[in-house]
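According to the working numbering, the sequence shown is numbered sequentially starting from 37.
Below is one structure, written out as structure tokens, with a few remarks after it.
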Amino acid sequence: MSQTDRISLLRGEAVQRAQLLRVRGMRVELDLTAAGDTFTSRTTLDFDGGAQSGDTFVDVAGVDLLEATLDSAPLDHREWKSGRLPLSATAGSHTLVVEARMSYASDGEGLHRHVDPADQQTYLYAMSFLDAAPRWFACFDQPDLKSPYQIEVRAPEHWTVLGNGPSVLMRPGLWRIGSDRPLSTYQVTLVAGPYVSVLDSHDGIPLGIHARASLADHLHAEAPDILEVTKASFDYYHGVFGVRYPFGQYHQAFVPDFNAGAMENPGCVTFRDRLIFRARATAAERATRAGTIAHEMAHMWFGNLVTLRWWDDLWLNESFAEYLAHRCGEVTRYPLWTEFGIVRKDWGAVADQSPSTHPVARNGSADAQAALADVDGISYAKGAAVLKQLVSSLGEPVFWAGLRDYFDRHAFANAEMADLMAAWKRAGAVGLDDWAKQWLHTEGMDRIEVRGSRGQVQVVRTAPPGSPAERTHAIAVAGYDTLGAAVFSIPVKIGAKPVTVPAPTAAAVVLPDATDDTWASIRPGDWDAALRLLPVLRDPAPRVVLLNAVRDAVRNAELDPADALAAICAAAETETSEVVLHSILTFAADQLCGAYASPLLRSPRTRAVNASAGAVVAASEPGSDRQLAAFRIAVHSSDDPPRLSRWLAGELPDRIILDAELRWAVVDRLSMLTCDPDLIEETLRQDPTASAQIHAAHARAGLPDLAAKETAWRVLMQPSSASAYIVYATASSFFTPTQTELTAPFVAAYFDEIADTARFRTGWALGRAALLAYPASASTPATLRLAEGALARPDLPGPIRRSLVDGTDRLRRAVAAITRFERPRSPSNEGA
């Protein structure tokens with residue numbers, strides 16, 4: 037059967053199955069020794085039926101069903117359809133045996149196989165989230181049917197095999213992994229191959245870090261920092277939760293082609309291996325990795341110790357892990373709140389203002405795939421921001437006491453939002469029901485803006501259209517003079533009624549939420565003054581708030597993209613935070629010089645970004661992270677092939693080193709400008725690694741050549757053996773903003789053909805490829821009409837529809853901004 041034929045589990049089906057049976061244990065036997073694209077998987081499920089009998093099914097998504105018996109009686113293979121094998125659940129104890137031939141995955145879900153081009157070694161890892169577990173073992177695939185697991189693996193003798201519990205080598209080539217703690221199917225993993233390892237321990241917990249053999253030197257170089265963050269995170273969570281880590285060993289495997297940033301499998305977390313840096317990394321990049329490590333560890337309690345009952349309560353996993361990881365960052369060398377404000381909150385704000393917005397909790401997900409679509413910036417960033425407000429309201433003692441109560445009562449079981457609310461109430465919380473109603477059960481962002489003139493202003497909160505909510509925001513309102521100095525700061529609570537704030541005449545700009553504490557669209561009172569303030573505003577929190585307001589106002593066609601570009605470029609030259617610098621200049625280069633500009637204005641705007649980045653490079657201390665961050669943007673925005681060629685030849689700014697990653701950045705940009713495919717292939721010969729293969733795919737798709745575009749189009753729209761990462765790289769480079777004439781014929785083709793990719797892609801890869809390939813740079817009313825016509829199709833697969841909804845919303849916003857603010861003008865008077 038094809039994986040794309042599977043039916044997504046309905047919530048009602050999950051409820052019915054949970055009423056019919058309880059799983060006592062599972063044993064999975066895998067044979068990974070045979071050559072070819074498939075492997076055999078034999079699952080023995082021991083379960084008890086309840087007093088009520090009924091028909092249900094086991095989930096198994098293979099290519100061939102080899103054996104299926106219930107209590108030794110054969111089941112009818114002909115009934116196996118759409119990834120489901122029907123069976124009857126009756127009272128008493130039962131044993132179900134299912135053996136199937138399964139396909140290795142190339143899309144990062146199920147049992148993924150990667151052949152490293154550096155040494156031709158094979159590496160496997162299993163990704164079971166959200167409903168991918170049946171792609172490598174038969175199971176009752178829903179989060180509230182937890183059980184202990186045992187996995188036996190036959191593998192080549194030189195491989196390492198890891199999983200959720202201790203791995204025991206029974207004899208050469210035969211491994212047994214056991215977990216006596218009950219796990220949900222989506223948490224089960226396997227990591228197998230000739231991985232290299234760094235082992236350690238902390239506070240009685242065995243630690244392991246693992247990566248492909250070709251990354252061995254980089255793994256050993258990065259291990260001290262990874263282990264330092266890991267140990268600090270364990271100490272922090274043990275202290276605040278009052279519950280020790282419950283899953284024994286703690287492996288962190290950095291694996292290839294991973295779709296997400298990481299996955300919190302108990303005892304064996306999997307990360308994308310780009311986090312094992314093979315080139316110079318800045319402190320901000322290491323901080324991002326530290327945040328990911330702390331985030332996944334928080335899941336050991338939120339998600340693994342106590343697991344959601346159904347995907348509607350995903351916030352119990354992701355919002356808490358997001359918030360707690362940023363709290364945990366305070367005890368490491370990597371404080372993360374600035375990153376949260378400038379990166380994570382902006383990501384969530386885009387999602388929360390899209391037509392696909394949804395509440396933080398209780399999203400009404402009717403099936404598993406619908407729930408997967410809601411794994412977005414709302415589940416993570418908005419949820420964390422809302423929790424930050426809640427902690428301020430409850431107080432630290434009540435917050436932590438409620439969490440400890442929650443863990444004590446529901447350890448190794450499943451829970452719902454009401455269970456956590458009850459725990460907080462027992463700890464002394466009041467007003468929680470109303471808070472949840474306003475913040476968790478409604479969607480959209482409030483708008484908080486300043487009205488009035490100097491001397492006295494009003495702060496006004498407006499609920500999002502179509503989604504009324506009576507939210508109260510505890511914020512600071514601050515005023516700043518023309519030199520960026522704070523004139524006043526007043527704490528206020530703003531709800532349905534406006535709040536009047538006395539503002540001294542010295543305050544040129546009054547800014548709501550100046551300490552970045554709430555979740556809302558922020559607007560200063562005077563945009564002209566606010567934009568002039570940006571370059572001189574030194575305090576990081578209000579600077580982040582104002583920069584986010586600029587981006588948000590551009591996306592809502594309230595602020596001219598040309599004015600925003602000028603302000604961001606000026607602010608960049610005084611920005612000291614590398615993560616802020618990278619975020620705002622990337623927005624400027626990719627959006628303000630791309631979709632938010634008509635084609636004639638894109639090149640001059642890009643030159644303005646390049647000039648700003650160059651000025652930062654020149655003014656930065658040689659060898660500093662600020663210099664490197666700015667130089668990367670200078671490469672990304674350059675339209676000067678001779679200069680790029682000199683950089684490629686080694687004529688670089690002082691202490692900038694042309695490492696592998698920076699070399700690919702230069703090659704990518706130079707190829708896009710000069711149409712030199714030989715340069716790509718020569719660089720690939722010099723760097724025959726998996727990372728290089730992805731860079732090469734991105735560069736090939738960006739070549740300004742029709743034949744190259746047609747080749748890339750086949751990668752996007754036709755089935756192939758290309759990995760998901762190759763598809764993503766191709767998609768993200770296809771509709772280059774400066775190639776609108778070349779790519780114009782492909783715009784209509786995208787909307788005609790993208791739905792058909794559901795024939796050969798599924799889940800995460802299906803939706804992500806569609807969104808990355810969306811022709812956002814063709815920001816015209818004609819493209820918008822094509823998009824709306826595609827959305828009118830009633831037969832769109834769910835992941836494709838979600839990607840089209842989000843992509844079309846971004847397109848609509850860009851078209852609105854261009855329509856409103858661009859007047860007939862030549863590139864020479866841009867910004868005049």
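For each residue, glycine too, the CB sits at the ideal point set by N, CA and C.
Just so you know, these numbers come straight off a predicted model, no measurement behind them.
Item, Value
"In DSSP terms, what residue 711 is bridged to", "Answer is none; residue 711 lacks a bridge partner."
"Beta-carbon proximity of residue 671 to residue 705, cut-off 7 Å", "yes"
"Where residue 113 falls, given that 16 or more other Cβ within 10 Å makes a residue buried", "exposed"
"Alpha-carbon to alpha-carbon, residue 531 and residue 512", "14 Å"
"Nearest-angstrom Cα separation, counted from residue 255 out to residue 731", "21 Å"
"Pairwise C-alpha distance: residue 491 and residue 597", "30 Å"
"Proximity to residue 259 [Cα-Cα], best of 290, 603, 240", "290"
"Contact the region 126-146 vs the region 66-86: 3+ CB pairs below 8 Å", "yes"
"Where residue 866 falls: helix, strand or coil (DSSP)", "At residue 866, the pLDDT of 49 sits below 50, so the modelled position is not reliable; the number obtained from the coordinates is stated separately. If DSSP states are grouped into helix, strand and coil, residue 866 belongs with coil."
"Residue from 514, 805, 87, 562 with nearest C-alpha to residue 489", "562"
"Spatial neighbours of residue 816 in its chain, beta-carbon cut-off 7 Å, leaving aside the 5 residues before and after", "851"
"Interface flag, residue 417 vs chain B, CB-CB below 7 Å", "Absent here is chain B; the protein component of the structure consists of one chain."
"Residue 165 burial status per 10 Å Cβ neighbour count (16 or more: buried)", "buried"
"Short Cβ contact (7 Å threshold) for residue 520 with residue 539", "no"
"Three-state secondary structure (DSSP) of residue 723", "coil"
"Sequence-distant residues of its chain with Cβ nearer than 7 Å to residue 100 (five each side left out)", "136, 137"
"Residue 37 (DSSP reduced to helix, strand or coil)", "Residue placement at residue 37 is poorly supported in this model, since its pLDDT is 43, which falls under 50; the coordinates are not used for a value here."
"Contact belief for residue 502 with residue 388 at Cβ below 8 Å, rounded distance in angstroms", "About 13 Å; that fails the 8 Å criterion."
"Residue 45 (DSSP reduced to helix, strand or coil)", "coil"
"Option nearest residue 77 by Cα separation, candidates 156, 187, 161", "187"
"Three-state class that DSSP yields for residue 485 in the structure shown", "strand"
"Spatial neighbours of residue 863 in its chain, beta-carbon cut-off 8 Å, leaving aside the 5 residues before and after", "Only weak support is given to the placement of residue 863: the predicted model assigns it a pLDDT of 47, under 50, and the question is left unresolved by the model."
"Proximity winner among 244, 506, 782, relative to residue 286 (alpha-carbon distances)", "244"
"Every unbroken alpha helix (DSSP H) inside the region 550-586 [4 residues or more]", "563-569"
"Candidates 424, 522, 353: closest to residue 398 by CA position", "353"
"Collapsed DSSP secondary structure at residue 282 in the structure displayed", "coil"
"Beta-carbon spacing of residue 81, residue 104 below 7 Å", "no"
"Three-state secondary structure assigned by DSSP to residue 51", "helix"
"Neighbourhood of residue 63 by C-beta, 6 Å cutoff - its chain only, sequence neighbours within 5 removed", "80, 186"
"Inter-residue Cα distance where the pair is residue 347 and residue 406", "9 Å"
"Backbone secondary structure at residue 125 - three-state DSSP", "strand"
"Top-ranked residue by Cα proximity to residue 871, from 213, 674, 308, 594", "Here the chain comprises residues numbered 37 to 868, so residue 871 is not present and cannot be evaluated."
"Residue burial classification, residue 745 (beta-carbon count within 10 angstroms, cutoff 16)", "buried"
"As assigned by DSSP and simplified to three states, the class of residue 507", "coil"
"Residue 169 (DSSP reduced to helix, strand or coil)", "helix"
"Reference residue 309; option with closest CA among 297, 301, 320, 317", "297"
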